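J.: Below: one structure in structure tokens.
Number of protein chains: 2
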Amino acid sequence: MAHRFRGESHHKVDAKGRVSIPASFRRVLEAGDANRKEGHHPELVIVYGDHRRRKLECFTMQAISEVEDRIEKLPRGSKQRKALQRLYNTQSMLTSVDETGRLVLPAKLRQKIGLEGAAFFAGNGDTFEIWKPETYEAEMYAELGPDDDFDPEADPSIYLGGGKEG
Amino acid sequence: MAHRFRGESHHKVDAKGRVSIPASFRRVLEAGDANRKEGHHPELVIVYGDHRRRKLECFTMQAISEVEDRIEKLPRGSKQRKALQRLYNTQSMLTSVDETGRLVLPAKLRQKIGLEGAAFFAGNGDTFEIWKPETYEAEMYAELGPDDDFDPEADPSIYLGGGKEG
DNA sequence: AGGAATAGCATGGGATTTCATGGTCTGCAA
DNA sequence: TTGCAGACCATGAAATCCCATGCTATTCCT
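Quick look at the structure:
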């Protein structure tokens with residue numbers, strides 16, 4: 001994978017729901033939208049999911065189409081397939097980056113995750129996520145509670161494993 | 167592994183956050199960036215982590231992609247995997263060496279580890295680290311406290327094990 | 001060998017471009 | 001006809017590019 005979403009940053013959300021996309025993310029979106037016409041701005045898919053999701057997950061066109069390919073390999077009519085289609089097809093929207101590098105989040109989506117004033121962007125490889133900053137903070141600590149084989153206090157690098165060839 | 171980061175050195179950090187990379191490290195970065203186009207300067211990934219980390223860990227493109235391969239082998243959804251992705255994907259940035267062999271550290275990163283005026287570079291095999299010099303001093307002694315099977319006063323070479331050839 | 005020429009290195013400064021963000025205006029639709 | 005979304009314009013701050021300067025370790029020449 002040539003370009004990956006990497007890094008984190010905070011951006012303001014104005015009254016119209018406009019948010020700047022981190023500049024480095026724009027490069028990835030451009031690279032991941034093969035169908036983009038010259039001079040046009042890249043498209044992307046925002047997956048918002050149901051009430052349990054408290055983030056917006058953003059896919060390049062290429063990434064979302066890989067997801068769809070996988071879904072199509074599952075048995076038609078299986079619950080798994082239906083659930084995945086609902087998430088990635090139904091509970092998602094297609095949009096595009098605007099002239100100035102921003103994207104517009106409809107009021108509905110902002111309300112869904114409680115976005116107001118500021119947004120937190122987290123790069124995550126072939127997708128990036130948009131969070132209400134407070135939610136991200138809370139979630140990161142709550143989600144990774146102590147466990148038999150996980151110590152939230154430790155530096156995560158210890159889980160990479162021993163030698164070069166583990 | 168052909169090239170390894172080896173040695174330590176001090177460099178100035180100017181008001182724009184520019185720091186010279188030790189010359190010998192540049193060779194390693196070049197060798198570790200296969201995708202680098204002719205005449206271009208090598209890319210690298212700086213992992214900064216959360217508030218507990220007081221150093222910047224720098225990976226060659228090859229080293230970071232080995233890390234990512236390892237992460238992908240862990241079970242999807244496991245805490246370990248999530249924590250590792252957060253560290254190596256989200257809490258990191260891609261950058262590149264500039265024309266004159268420097269890299270620029272954004273204000274955010276400098277503040278995070280208290281860098282100002284000078285930086286300490288420590289080679290560490292397939293990565294190198296950037297520290298605020300004072301922090302390095304302090305940390306090196308604090309981190310390696312006495313222990314049942316470790317004596318901070320001893321020369322570490324005694325822990326290499328038996329003879330020259332295991 | 002002595003000294004000059006060279007090349008790589010660490011560092012600085014200014015000009016230029018890109019970013020993030022805010023505002024206005026217009027048209028379509030409810 | 002009012003609300004809202006989209007296109008267009010504006011601006012200060014931050015990041016990038018390009019050029020410049022001493023230094024040092026080496027090599028080259030005589």
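Note that the protein sequences, when read in sequence, are chains A and B. According to the numbering used here, the residues represented by the first sequence are 1 to 166, in order. According to the numbering used here, the residues represented by the second sequence are 167 to 332, in order. Glycine residues also receive a C-beta, built at the ideal position from the N, C-alpha and C atoms. All values derive from a computational prediction rather than experimental measurement.
(1) Could I get the ranges of all uninterrupted alpha helix (DSSP H) runs contained in the region 51-137 of chain A, with 4 residues as the minimum, in chain order?
(2) Between the Cα of residue 96 (chain A) and the Cα atoms of A:85, A:71, A:59, which residue gives the shortest distance?
(3) Report yes or no: do three or more beta-carbon pairs, one from the region 248-260 of chain B and one from the region 2-14 of chain A, lie closer than 8 Å?
(4) So the beta strand (DSSP E) residue 323 (chain B) belongs to, where does it begin and stop?
(5) Rounded to whole angstroms, what is the Cα-Cα separation between residue 160 (chain A) and residue 276 (chain B)?
(6) Here's a check: name, in chain order, each residue in its chain whose Cβ is nearer than 6 Å to the Cβ of residue 123 (chain A), leaving out the five neighbours to either side.
(7) The beta strand (DSSP E) that contains residue 185 (chain B), what's its start and end?
(8) Suppose you measure from the CA of residue 335 (chain B) to the CA of residue 193 (chain B); what does that come to, to the nearest Å?
(9) What is the rounded straight-line gap between the Cα of residue 213 (chain B) and the Cα of residue 281 (chain B)?
(10) Which residues of chain B have a Cβ atom closer than 9 Å to the Cβ of residue 29 (chain A), listed in chain order?
(11) Given a cut-off of 9 Å, decide if residue 249 (chain B) and residue 121 (chain A) are closer than it, judged by their beta-carbon atoms.
(12) Are the beta-carbon atoms belonging to residue 100 (chain A) and residue 20 (chain A) less than 9 Å from one another?
(13) Would you say residue 59 (chain A) reaches chain B, if we count a Cβ-Cβ gap shorter than 9 Å as a contact?
(14) Give every residue of the same chain whose Cβ lies closer than 7 Å to the Cβ of residue 241 (chain B), excluding the five residues on either side of it in the sequence, and list them in chain order.
T.: According to the data block:
(1) Secondary structure within the region 51-137 of chain A: the alpha helix (DSSP H) runs of 4 or more consecutive residues, fully enclosed, are 61-72, 79-85, 107-113 (chain order).
(2) Selected option, being the one with the closest Cα: A:59.
(3) Yes: the two stretches touch, three or more of their Cβ pairs being nearer than 8 Å.
(4) Unbroken run through residue 323 (chain B): none, as it is neither H nor E.
(5) The C-alpha of residue 160 (chain A) lies about 26 Å from the C-alpha of residue 276 (chain B).
(6) The answer, listed in chain order, is 5, 6, 7.
(7) Judged by DSSP secondary structure, residue 185 (chain B) falls within the beta strand (DSSP E) whose first and last residues are 184-186.
(8) Because chain B spans 167 through 332 in this model, residue 335 (chain B) falls outside it and cannot be assessed.
(9) Answer to the nearest angstrom: the Cα atoms are 15 Å apart.
(10) What residue 29 (chain A) touches in chain B: nothing, since even the nearest Cβ is about 15 Å away.
(11) Taking 9 Å as the Cβ cut-off, residue 121 (chain A) and residue 249 (chain B) do not qualify as a contacting pair.
(12) Yes, the Cβ-Cβ distance between residue 100 (chain A) and residue 20 (chain A) is below 9 Å.
(13) Chain B contact via Cβ: absent.
(14) 247.
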